[in-house]
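Structure first, commentary second.
In the UniProt record's numbering, the protein residues as written are 1 to 216.
Right under this line is the structure:
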């Protein structure tokens, strides 16, 4: 029985998990949980995920939430090797460090964009300070990638790359990520786009673009 992923494609953390599963060659049963309709507050869902977020994984009755934890779990259980999430403690610490930074950056992204997505505020309500905070996180990523890294944690693809590219591609819908300002990010992003697993990012990203375009 395939693991069940409760998800909504426009959500960046969902897309990160989908890319990880694709890279692993793992089939997931996808069940949509529409957070805009508050489906994450049902009694059944809260038993799986008390934090009422997406994604949530149900692997034969074992429930896990938070995309970074889900990705690490999938690699550990279903990966043919540990390349996406190395077991060697220094390599893993580096990936974990980047996952924490990505999660922190995404939290900033959500805090600023959510009122617009929910049509509770208009796009012009986003302050210059908020914009600077969002793009400041991309600047940090650009510096990380400027260390002659092919991927965020070095020369090998890891789950941290999926975590970053999911929200960076979404932020690009709000504020263009340009090569003149973020050359290393663009170089890395183009490399990510060539991966077959990156296709799992496209459907949700297209939906996110449509939602954002429909807001004032």
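Note that the Cβ used here is the ideal one computed from N, Cα and C, for glycine as well.
Distance between beta carbons of residue j and residue i, contact taken as under 8 Å
{"i": "residue 160", "j": "residue 166", "result": "Incorrect: roughly 11 Å between the Cβ atoms, too far for contact."}
{"i": "residue 113", "j": "residue 16", "result": "Contact doesn't hold; Cβ gap of about 17 Å is too wide."}
{"i": "residue 7", "j": "residue 55", "result": "5 Å"}
{"i": "residue 117", "j": "residue 215", "result": "7 Å"}
{"i": "residue 204", "j": "residue 9", "result": "3 Å"}
{"i": "residue 134", "j": "residue 175", "result": "7 Å"}
Residue environment, residue i, which counts as buried when at least 16 other CB atoms sit within 10 Å
{"i": "residue 206", "result": "exposed"}
{"i": "residue 22", "result": "buried"}
{"i": "residue 104", "result": "exposed"}
{"i": "residue 89", "result": "exposed"}
{"i": "residue 75", "result": "buried"}
{"i": "residue 62", "result": "exposed"}
{"i": "residue 3", "result": "buried"}
{"i": "residue 147", "result": "exposed"}
{"i": "residue 98", "result": "buried"}
{"i": "residue 1", "result": "exposed"}
{"i": "residue 139", "result": "exposed"}
{"i": "residue 183", "result": "exposed"}
{"i": "residue 43", "result": "exposed"}
{"i": "residue 68", "result": "buried"}
{"i": "residue 193", "result": "exposed"}
{"i": "residue 41", "result": "exposed"}
{"i": "residue 111", "result": "exposed"}
{"i": "residue 27", "result": "exposed"}
{"i": "residue 178", "result": "exposed"}
{"i": "residue 29", "result": "exposed"}
Helix, strand or coil at residue i according to DSSP, with G and I counted as helix
{"i": "residue 56", "result": "strand"}
{"i": "residue 29", "result": "strand"}
{"i": "residue 84", "result": "coil"}
{"i": "residue 71", "result": "helix"}
{"i": "residue 8", "result": "coil"}
{"i": "residue 2", "result": "coil"}
{"i": "residue 50", "result": "coil"}
{"i": "residue 20", "result": "helix"}
{"i": "residue 37", "result": "helix"}
{"i": "residue 76", "result": "helix"}
Beta-ladder partner(s) of residue i, from DSSP
{"i": "residue 63", "result": "58"}
Residue ranges of each beta strand (DSSP E) run of no fewer than 3 residues wholly in the UniProt domain "GST C-terminal" (88-216), ordered along the chain? none
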